[in-house]
Each structure stands twice: as C-alpha cells, then as structure tokens.
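Below you'll find the structure, written out as structure tokens, and then a few comments.
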Amino acid sequence: MLAQQLLNGILSGAVYALFALGFTLMFGVLGVINLTYGFYFSTGAFIALYATHYLHMPIWAALPFAAAVTGLIAIVIDELLLGPLRRAKAPELSSLMVTLGATLLLYSLMTAWFTTDIRRFPPAVFDGGAFEIAGLRITLSQILIVATTALIVGALALLLQKTRLGLAVRALAENPDAAQLMGVNAGGIVRLVSFISGALGGAAGVLIGLNYNAIQPYMGEAMMLKGFAVIIVGGLGDIRGAVIAGLVLGLLESVTAGYIASSMKDAVGFLLLVLTLWFRPVGLFGRVAAKRA
Amino acid sequence: MLVRRQFNLLAAAGLGALAFAGPSAVTLARAADPVTIGAVEILTGPNNKYGIAIKNGFDLALDEVNKAGGVLGRPLAIAYEDSAGNKDQAINAVRKLIGAQNVPLILGPTLSNEMFAAGPVANERKVPIVGTSTTANGITAMGPYVFRTSLPEADVVPVTLKTAQQKFGIKKVAVMYANDDAFSKSGYDVMKAALEKLGIETLTTETFGTKDSDFSAQMTKVKSVNPDAIVVSALVEPAAGVLLAKKALGIPASVHVIGGNGLNSPKIGEIAGDAADGTIVGSPWFIGKQDPTNQKFVAAYKAKYGSDPDQFSAQAYDTLFIVAEAIKAAGAPDSEKIKDALIKVKHTGVLGPFSFTPNRDPADTSGVAVLEMKAGKFGLLQ
Amino acid sequence: MSATLLSVEDLTVRFGGLTALSGVTFCVAKGAVHGLIGPNGAGKTTAFNLISGMTAQTSGSVTLEGAKLDGLPTWKRTARGMARTFQNIRMFREMTALENVMAGAHLRTPESFGSILFRLGSFRAAERSAVANAMDILDFVGLSEQAERRGGDLAYGDQRRLEIARALASDPKLLMLDEPAAGMNPSEKIGLIDLIARLRARGLTLLLVEHDMHFVMKLCDRITVLNFGAKIAEGAPAEVRANPTVIEAYLGAKVARSLETRA
Amino acid sequence: MMPHWLDNFLFTYQSLVYSLGVNALLALAMYVVLAVGQLALGQAAFMGVGAYASALLTVKLGAPFPIALLASMAAPALLAFVIGAPTLRLSGVYLAIATIGLGEVLRILYLNWDFAGGALGLNGIPEKAGFVWIFGTLIVALVAFVFVSRSRIGRAMEAIRADEAAAGVMGVNLPAYKLAALVASAAIAGLAGAFNAHVSSFIGPNDYGFDQAVTILSFALLGGVGSPFGPVLGALVLTALPEVLRPLHDYRLVIDGLIIVCVVIFLPTGILPWRIGRIGARK
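Chains A, B, C and D, in that order, are what the protein sequence lines are.
Just so you know, we're using this note's numbering here: the first sequence kicks off at 113 and counts up by one.
Just so you know, we're using this note's numbering here: the second sequence kicks off at 120 and counts up by one.
Just so you know, we're using this note's numbering here: the third sequence kicks off at 92 and counts up by one.
Just so you know, we're using this note's numbering here: the fourth sequence kicks off at 10 and counts up by one.
Next comes the structure, spelled out in structure tokens:
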C-alpha cells in the first residue's frame, strides 16, 4: 500500500503544484493575492468542455485553446479591476477586497448561466484507461497531469531564467520602480503575466476537471484554500517553491490518510502553513517574498 | 376587491408593514383568490440543484391540483422563498412567509441543517412546516408543527444493507463518509448502527470532505483491507468522486458500493459514468417503478422539464398532494386545522402508500426499493 | 569638554553580502549640535536607523547617557529620551497638525484605559494639558495657525517643521534630524536655521544629517564624515573642511556623478 | 396588546434585525484590528469559538446566560492572546492567510469533536439573547470605541495605521497595541458569536469559515475605517442587501459582488469616509 500511497501523493501533489503555479506567479510579479484565480480555473474547464462538446475539438487542441482564452479573460479582468488600483497606488487591502468582490460576482454569474450541475467531458474525448505496473495503478489522465506539470514548470523556468522577457519580469517583481526606470514596459509585462497566470489556471482546470471528471462553477473555490497553503509554504512568488510545496503537501496528505486518519488529512495543509509562517514566513526558498514582506 | 388585491401584491413584494391581512380577512376573500402556501428551498448558490428539483416537483403537482379544481374551491398557489443553502436566510424566509404573507403552511426547507434552524421558528408560531428532503435524525423532534414526508435514513438504510447482505453474502465492509456535513454524518451514524445490528464487520472507516475531489488516498486504504463491499454516506458530488477513485484504483465491480440517500440520484451515473455501475441504494422511490401513477409522473415531468425526475422531485410531487388533501380536510386555510388534518392524511402517490406516524414521520417503509445502477440507470436490484 | 550624551561604538550592519556600515564610532556631547555628513550612499540614514532602533545592528553598540540601548525597540529608545525625523517625510497624513504633535507626545500623556473609557476627570485634565502643550510646540515651530489642518495638506516646508514639532513633543534629550533642509527654499532654510538655534538654546542636543554643506558648517559644533559606510573624518567644521580625504570623497563623488549624467 | 400587523411585522423581520446587530458587532471586531493596520481575518474563527463556548455551556451544562457570555469573550480572547505573539510578527497578506488558516484548523477540530456535535453541530440552543442584549451591547461598544478613538490610545492607533515604524519612534509600544487590538477583536467577535447562537438555536462547524471571514471584512471595507461608524454602516447595508435584493434571485450575489467592486475602486475610503477626530477634551 505504501508505494501506491506515495504515488497517490505525487499525483495529487502535481495537481496542487499545477494549480499553485499561476497563483504564485501572479503574486510574485503583480504583488497581489488575486482571489479571482480560482475563477480562471473553473473558466478553463468550462471553455474546454464547450470546445469539446460543441466545436468537437480533440482534447489536445481544447487544452491550449481553453488556456489561451482564459489568459485573455485574465488580462481583461486584471485591467478592469486592478488597473485602476495600481494607478492609484492603492494599498494591498484594496486589491484583496476588489478581487474578493469580483470572485463573488463572477462565480454567481457563472452559476446563473451554467447552474451548479456537475458536468463531465464526453467519454469520447479522453480514454480514462488505467495502467497497472508492478501492482501500482495510474490512469492516463494522471500521467497527462504529471507530464503537463513538468512541461509547464520547465517552460516557465526557461522563460524566466533564459530570456530577456524573463529578466524584465524578474526585475519588475524585485523592484517595480527601478524596473520602470530601466525601461521595462511595466504595462506590457503586467498583461503578459496576467495572461500566463490565467492560462496556467485555465490549463490546470482542464486537466483536473478531466482527472476527477467533475466540472462545475465552484470547483476553483474548493482549490483555493489548499492553493494558499502551497504558495505560502513554497514562498510567495516562488515557482520552484510552489512545485516542491505542492508535492510535499500531496505526499503528506496521502500518508496521513493512509496511516494516521483520513479525518486529519485536511489538517495537514494548515499545519504545514502554520509551521511555515511560524518558523520561516518567507517560505521554503522565498527570497522575492522576503523583500516584499 | 381591487383594493384588496393590491394589498396582496404589496404584501407579496415584501412590504411587511402593510401585510395586515390576517386569517379573518382571508375568509372574506373571493373565490378566485388563491390559497397560498409557502416554500423555502435552495434556489440559488452551490446546492441549488436540490432546491430546483424540489420546486419542479411541487410545480408539476400544483398544475394537476389546480386542474382538478384546486382546494376549498379556490386555486392553490405556492410562494417560493430562496434560502441559498444558508440557515440564516432560511430563517428569514420562514419568518417572512409567516409574518408578511400569512401562509398557513410551509414546505421545505431543503437541507436538514436549514430545518434545524428554521423549524423552531415555524413551530413557535404554530405554523406547520413540512420537510420533503430532510432525512437527518431528530428533525420532527423539534416540535408538534414539524413534519416530514421524506423517509429518514434510519428507515431506508437498514433495508438496503439487509437486502445487500442477503443477496451477496456480505460479511465485512469498509465505510466511507463525508465528515463535514450534517446530512452525510447522520447517514453514517445510521449505517454504523445498522451494520452492528446485522453483524457485518467494519474493517476501516475513512472520512473525506464534501468539497474534496481527490479520494485516492482513502480508496487505496480501502483497497488494502479487501472488503466485500464499500458503504458510503455522502452527497452526490463527492460520492461520484469516490466511485471514480474506486474504478481508477482497479477495485473490481464485484465489490459493490452501498450508498445512503445522497447516492440515490441519476446524477451519480451522469458524473461517474460506468464507474457508478453496481452501486446499490435504498430509495423511497425509483424512476422505473411500474405503477401507472408513477409512469404518468415521469412522463409529465420529462415533458415539462426535459429531464428525468429524481427522488427529490418525486417526494415533492407527492408532498404537495398530501398537503392539498390536508387543506381540503381542514376546510379552511388555517394552520391549526391543517396541522390536525395533516396527521390523518392517507395518500397513495408515486412513492406508494403514505401516512404519518404520531411523531410526524412517514409511517410506511413498504415503498422502499433497493436499486442497483446498471449502465448509468438505477433499476430494481435483481 | 562637556559630558557625552550619545556614544556610538564600532557600529556595523550587513544586509546580505553588503556592508552598509562598518565599524563607525563617534560621540555626541551634551548640548552640542553634531553633524553627520557624507556623499550619497555613505550610510548616514542607515546610522540613524541603527541609533533609533529601526534596524538591528550586526555588531557594535549604541549608548545613551551611559546606558546601552542595544536590542531595545524604537519605542523604548524614545522613552529613554531620543526622538527623530525622517528624510522622506513620514507624516500621519490624515491627522491634523495638532493631532500629529499630540501623537508624538504619546509617552507624556498620562491617560489610563479606565480613565479614557469612563471619561474621568483625570482624563480630561490630561487631554487638556496635552492640547495646551502641543499648541505651545506648534507655536514654537511657527505652525500654530495651521493646527487644525490635515498634516498631509501642509506645504512641504511646513511638513518638515511639523515633523520636528512631533519629535519635540516627546520631550527628548537627543533630537535627530534627517536632512531637515531637504527640499526647502532659501527663506525656509533661514527659518530652519533659526529654529535649530532656538532648539539648542533650550538645551537640546542635536544630531543631524544634512547635504547642504553651507548649512552644516554654519550650525554644527562638530562633524563626523562617512563614506562607503565607514568614518573617514571627524572634527570641528573648519578641520573637516580642510581634510583632504573629505575633499576627495566629495570631489570623487561629484566626478562620478557628472560622469553618470553624461552617460 | 400589540396590533396584529405590528406583531407580524416584528416577527417577519426579527432575525434580520438580530443579524443587523450581530453583524454590526462583527464589523467592529474587524475595525479594531484594521484600525491598527493589521489585516487579521480571524474574526469568523473567534466568532465560532465564542458561539461554541457559550452554546456548550448553556446546552450541555445548563449555565446561566451571563456566564456563557463571559466565556464567549474569554475563550476567544485567550486564544487570540496565545496565538498573537507569533502571529503578529507577520504582516499584510501573511497575517491574513495565517488567520484564515486558524479558522480552517478550528473547523476541522469541531468536525472531529463529538461532544460538540461534530458535523451535526449543536441544536436546541435556548433563545436567550434578544433585542436588548444585542443592541445594548452594540451601543455600549460604539460609545467605548468613540471614547477610545478620542484619546491618546486612539491617536496611537491611527499613527500605527498611518505609519507603523514612525509610530514606534513616537514611543508607541507596537506589539502591545497590536496584541491588545487582536484580543479585543476576538472578545467582541466571540460575544457576537454567542448572541448569534442564542437567537438562531443552531450552530454548525461550517458557519465560521473563509466565507464568513471575508463577509466580515467586507462590512468594514464597505463602510470605511475612518471611524467606528463606517464598519457598522457597512454591516447594516450588506446584511439588509440580500433581503432587499431577494426579487433578483440568481443575480442577487452578482449585484452584491458588483457593489463591493465598485466601492473599492470608486470609493476607496468606503461609503462613510468621515474620519473621527482624535482629541477627547479641549478647554
């Protein structure tokens, strides 16, 4: 059972990491805890659902399509909500609050349109087959999640570390004023980061919706609390930290449910959160965060 | 009379101060003025699917009652209030229906949680309140004006488990339940007692949250203890997730999932697909019941709403007829008289024969059918 | 020589790999006006932050009237008789000028929680005397006309004076002014020089960081010069002005700056 | 004898009126911490502790209501005191998230605590709190807040909110003020929780989570934190709004959200931007 539990842990850890990537990036660069992030997660899933249902797209096309559309929606929402606050140099409390109100608004609109019924991808979209290797079971969608997470982390790391654009993004995260003085196009970078985060959130929604086969408007909200734990433990704005923290959380939860008590499973995340805040509030590897705190 | 009608409109618009049309005024009302009863259901928010299914059932029955001449020579009407699944709003809705709209009886609310909050309010004001979907223990113990037409889990679950035990020779089971909502927890309490009574061994008890989507850790544990069956108490979304996890981890279909009331919904097949096959539930109702009353109901429901009814719609449908009969028997839209008439009602509806126990719970469990899901549809367990 | 009020010994602070201040030592005599000067980035404000307790030092110590202050938070240092202003004005912008000064008198307003809640006579008396005292201070810095205006609405030079008034309200022994003349026009500067002279006449000891050389030379009894986080000179204004290291530091800095602007 | 229509009117709006009072108290609990610039979102959690502490006392042990009320203030205040020291080192969003975490940890605790009813919560809580208790407390609290604002303590609190480091240099004992604010906030929220439990007869473990925390925050921000009246007004508006918007059904929450968004963007200091003076007595 241990091996299967560890595998379970890695899989759910990858899910947490995938969800947290865009969330933490948004914070790291834009300096805002954006509560609408959960909405992008739901939006991505719904767009992919409609793309497969009505446009008859195969899933490998629907995934990037949904991610891109969600990214564009994220740009619009960021510009409408946070744009005015950034220009007014409003305190972070206002940003938190405005995204909170927007979350309420957007989820209710979504429920009004789509109802809260759970939907699933058409069975033809994706073969939910499972493999059994040495007694360990893993499904195709789980493999897809892990592979996509790895791919996205790799691509993000390359983008941030190796390109001029990445340099500009990092500069903006470190010191917005200095970066602007040095000719970084702040508006452009903000839109780019909004797009990437929104797209990441959307992609995570598609994959996780596929894996658990349940799509409904509030699916993003349910992920938010775990998402908080992961981005804090990993360090706000820290991509690598988010991945590792996501995996650690997934593993600890699996082991807790398997060997201690499943009623304690949800407490693990918060315990980890509390310990991190107590002993190392900058997160496991946080540096950017340290400057912002 | 025009003036009176305007007052009714204003009262309906929620201007409580103007709603001074007490019971004495109602008797003066013209024949065409409807008898309005209240209903508090979840019509918005994350759990509105239950409330909407129930509203559909009420509305369908209401059409039929009114086509057949209404009650007391007047049409019957329902004033709906939304609780949004929030107990404070449920209380406000009940207060508004009683205080501003002077309804003689209230249907709902949807969840046991909401009933625990709103029931005492109606009871204190001596207005009968009839739950159609509240299955937790202790609902009717709140007072003499609190009724329910839904069979409590305590009546259904033992029948289900006993039938499954006899059928499959189940000796040891794993139990899984959502430990963060009252509905699932009280279902679990019932299951635990029934399992002990039937002498079935519980190998492990695993819990999860109603909003969880990942059940692999719990299911891996369940798999490792090799149960004959898995007993589940949860609402439909997490239950579907449990079924999907069971399939993903390769637990064979011969290990049946035996569920409580929450799994008794066509949604479980829609969400979980073939992973739901072999799920066994006990139900006061099922869609394939062959009697003509039921077939007529299912056909009418499909015609009106374009989808299959579930047990919540069926219970609501029957309840409205029961209430209409009580109002007729009471002879006046008066809370006290309706309460006294309600307890005596005998009705045969889509759920089968129905009457209340002296404690205002449903008396007859003969309608309980044990169902098995096959190819996405529940049918009688063969 | 008169008694020492403040002594700074071997003060060092490192941020990450950067040493912002290394082994700085100097003493401020009671009743003196002591200047702390140096080119941009020399560590003057850092030294202020360390002395007032806003930043923790890596090593070294700060002593006020013979008592070590190391490890004490800002408010305890204030209780020991230290007050300061800030280089970039840190006004309580929403509060009126009068309220700002009264907030500065926090430690000298004897109001217990109970007396506040029950509006006891002792509270009223304390509050009245706090208002009177704050008005005196505003009058002293020449802002009594502006008492009821929002702090953030005052003219720039007035905000600087209000900060000084707020610092004075705690009745300090040592008043530390961080670039008090920055951004002031010539006539405001003359007023400030007069104000500082009057403060000194009241027996206050002053430690000031200033860029304006003319201003420093005119006011200070003694000057400590920092460059790149280290002390490079100390002495009376005339000595410091003649010190070749100081000239080089300033000239070097100026040359560097002119190169920068050209590039 | 009360006229029939008035009786009906009071009956109809009784819980709404109680909610207005309880939520106004919660808004004040939020105000205390925001007034010292701390984004601590533990009010829902403290409300839960107060509700559970008092309800367990009256339901299980049959304690008199005033004793239960004292416990409903003492228990969360003690909790705030214990967690305060490590928590207050945190700032901004870290503090916000840590305090949200507290709420979730407590939720899991209630769920696994059979004596407190687990997921079923506590039923049959006697209806001991009424109009006088709730609004009497609200008035006393408001007066106390106004008195404290117009004093040395009020000036220090606003100084901390305006510029924490500068306030420290003025001699304000920052940790003591922040801790006191958190403890006071916890006590008020706990009391509100006890009132809520003793008018709605039922409490459950899921009533004090993230949603409730942000609802309380939105009271304060909608109203504005320039004076204690702002949050109270915000609470009144946002509590009455769902009832007023009832006819909109599905779009009710949309409007709710829209109002919050518009207020933050267009009225950053709230709908009651008036700032209370900070001087208690002049001549």
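The beta carbon of each residue, even a glycine, is placed where N, CA and C say it ideally should be.
In this structure, how does DSSP classify residue 269/C when only helix, strand and coil are distinguished? Taking the third sequence and counting its residues from 1, the one referred to as residue 269/C is at position 178. Strand, per DSSP.
Can you give the Cα-Cα distance for residue 502/B and residue 196/A, rounded to whole angstroms? Look at the range of chain B in this structure, 120 to 501, and you will see that residue 502/B is not part of it.
Unbroken alpha helix (DSSP H) runs of length 4 or more, entirely within the segment 247–300 of chain B: which are they? 272–287
Using the beta-carbon of each residue, which ones in chain C are nearer than 7 Å to residue 161/D? The residue given as residue 161/D occupies position 152 in the fourth sequence. Near residue 161/D (Cβ distances below 7 Å), the residues of chain C are 197, 200 and 202.
Check residue 292/C in the structure and name its three-state DSSP category. Taking the first residue of the third sequence as position 1, residue 292/C is located at position 201. If DSSP states are grouped into helix, strand and coil, residue 292/C belongs with the helices.
Taking residue 258/A as the reference, which of 217/A, 391/A and 126/A has the closest Cα? The residue given as residue 258/A occupies position 146 in the first sequence. Of the candidates 217/A, 391/A and 126/A, the one whose C-alpha sits nearest the C-alpha of residue 258/A is 126/A.
Taking C-alpha atoms, which residue in 30/D, 235/D, 126/D and 81/D lies nearest to residue 276/D? Walking along the fourth sequence from the start, residue 276/D turns up at place 267. Nearest option by C-alpha distance: 235/D.
Buried versus exposed call for residue 157/C [16 or more other C-beta atoms within 10 Å across all chains shown]: In the third sequence, the residue the question calls residue 157/C occupies position 66. Per the 10 Å Cβ criterion, exposed.
Looking only at its chain, what residues have a beta carbon closer than 8 Å to the beta carbon of residue 245/D, apart from the 5 residues adjacent to it on each side? Indexing the fourth sequence from 1 puts residue 245/D at position 236. Here the set comprises 29, 32 and 33.
Output, in chain order, the set of chain B residues within a Cβ distance shorter than 8 Å of residue 288/A. Start at 1 with the first residue of the first sequence, and residue 288/A comes out as number 176. Neighbours of residue 288/A on chain B: none; closest Cβ ~36 Å, over 8 Å.
What residue range is occupied by the uninterrupted beta strand (DSSP E) comprising residue 498/B? Numbered from its first residue, the second sequence carries residue 498/B at position 379. Taken as a continuous stretch (DSSP letters only), the beta strand (DSSP E) holding residue 498/B covers 496–499.
Cβ neighbours of residue 472/B in the same chain (closer than 6 Å, five flanking residues each side left out): The residue you call residue 472/B lines up with position 353 of the second sequence. Taken in chain order, the residues that qualify are 483.
Under the criterion of a Cβ to heavy atom distance below 7 Å, does residue 274/D qualify as lining the ligand MN? Of the ligands one can find in the structure shown there are none, so the ligand MN has no counterpart to examine.
Below 8 Å on the Cβ atoms is my guess for residue 144/C versus residue 165/C; work out the distance and round it to an integer in Å. As a position in the third sequence, residue 144/C is number 53, starting the count at 1. As a position in the third sequence, residue 165/C is number 74, starting the count at 1. The Cβ separation is near 4 Å, so the contact holds.
Whose C-alpha, out of 247/A, 246/A and 305/A, is nearest the C-alpha of residue 272/A? On the first sequence, residue 272/A is found 160 positions in, with the first residue counted as 1. Of the listed residues, the one whose Cα sits closest to residue 272/A is 305/A.
Mind checking the segment 328–341 of chain A against chain B and listing, in chain order, the residues whose C-beta falls within less than 7 Å of any C-beta there? 330 and 334
Smallest Cα separation from residue 179/A: which of 387/A, 194/A, 282/A and 318/A? If you number the first sequence from 1, residue 179/A lands on position 67. Of 387/A, 194/A, 282/A and 318/A, the residue nearest in Cα terms is 318/A.
Members of the segment 295–326 of chain B near chain A, C-beta cut-off 7 Å: 298, 325 and 326
Whole angstroms are fine: how far does the CA of residue 24/D sit from the CA of residue 209/B? For this step, residue 209/B is matched to residue 90 along the second sequence. For this step, residue 24/D is matched to residue 15 along the fourth sequence. Taking the straight line from one Cα to the other gives about 10 Å.
Helix or strand or just coil, what does DSSP make of residue 207/D? Counting from one through the fourth sequence, the residue named residue 207/D turns up at place 198. In the structure shown, residue 207/D sits in a helix (DSSP, three-state: H, G or I).
Endpoints, the alpha helix (DSSP H) within which residue 437/B is located: Against the second sequence, residue 437/B aligns to sequence position 318. It spans 430–449 - the alpha helix (DSSP H) in which residue 437/B sits, taken as one unbroken run.
Reference residue 134/A, options 267/A, 224/A and 367/A, closest by Cα: Here the question's residue 134/A lines up with position 22 in the first sequence. Residue 267/A is the option with its Cα nearest to residue 134/A.
Does chain C have any CB closer than 8 Å to the CB of residue 182/D? Counted from its first residue, the fourth sequence places residue 182/D at position 173. Yes - at least one Cβ of chain C is within 8 Å of the one on residue 182/D.
Are the Cβ atoms of residue 196/C and residue 186/C separated by less than 8 Å? The count along the third sequence starts at 1 and reaches residue 196/C at position 105. The count along the third sequence starts at 1 and reaches residue 186/C at position 95. Cβ atoms of residue 196/C and residue 186/C: not closer than 8 Å.
Applying a beta-carbon distance threshold of less than 9 Å, which residues of chain B neighbour residue 152/A? Within the first sequence, numbered from 1, the residue matching residue 152/A stands at position 40. Correct list: empty, because the minimum Cβ distance to chain B is about 17 Å.
Report the rounded CA-to-CA distance for residue 87/B versus residue 271/B, giving the unit in angstroms. Lying before the first or after the last residue shown, residue 87/B is absent from chain B, which here runs from 120 to 501.
Taking CB distances under 8 Å as the criterion, tell me whether residue 146/A reaches chain B. As a first step, residue 146/A is located in the first sequence; it is residue number 34 there, counting from the start. Not an interface residue.
Give me the chain D residues within the contact set of residue 232/B, using Cβ-Cβ distance strictly less than 8 Å, ordered along the chain. By 1-based counting over the second sequence, the position of residue 232/B is 113. The contacting residues are 130, 211 and 213.
Below 8 Å on the Cβ atoms is my guess for residue 300/C versus residue 154/C; work out the distance and round it to an integer in Å. Locating residue 300/C in the third sequence gives position 209, where the first residue counts as 1. Locating residue 154/C in the third sequence gives position 63, where the first residue counts as 1. Wrong, their Cβ atoms sit about 20 Å apart, outside the cutoff.
Quick one: which chain D residues come within Cβ less than 9 Å of residue 375/A? Working through the first sequence from its first residue, we reach residue 375/A at position 263. The answer, in chain order, is 117, 120 and 121.
In whole angstroms, what is the alpha-carbon distance linking residue 202/A and residue 127/D? Indexing the first sequence from 1 puts residue 202/A at position 90. Indexing the fourth sequence from 1 puts residue 127/D at position 118. So the two alpha carbons sit approximately 42 Å from each other.
Three-state class that DSSP yields for residue 318/C in the structure shown: Sequence index remark: in the third sequence, residue 318/C carries index 227 (1-based). Three-state DSSP puts residue 318/C in a strand.
Less than 8 Å separating the beta-carbons of residue 261/C and residue 219/C? Here residue 261/C refers to the residue found at position 170 of the third sequence. Here residue 219/C refers to the residue found at position 128 of the third sequence. No, Cβ-Cβ distance for residue 261/C and residue 219/C is not below 8 Å.
Among 36/D, 15/D and 13/D, which has the Cα closest to the Cα of residue 226/D? Locating residue 226/D in the fourth sequence gives position 217, where the first residue counts as 1. Of 36/D, 15/D and 13/D, the residue nearest in Cα terms is 36/D.
Assuming contact is defined by CB atoms lying nearer than 8 Å, are residue 297/B and residue 354/B in contact in what I supplied? Counted from its first residue, the second sequence places residue 297/B at position 178. Counted from its first residue, the second sequence places residue 354/B at position 235. In contact: residue 297/B and residue 354/B (Cβ atoms closer than 8 Å).
Which residues of chain A have a Cβ atom closer than 8 Å to the Cβ of residue 227/D, listed in chain order? As a working note, residue 227/D is residue 218 in the fourth sequence. Within 8 Å Cβ-Cβ: 209, 212 and 213.
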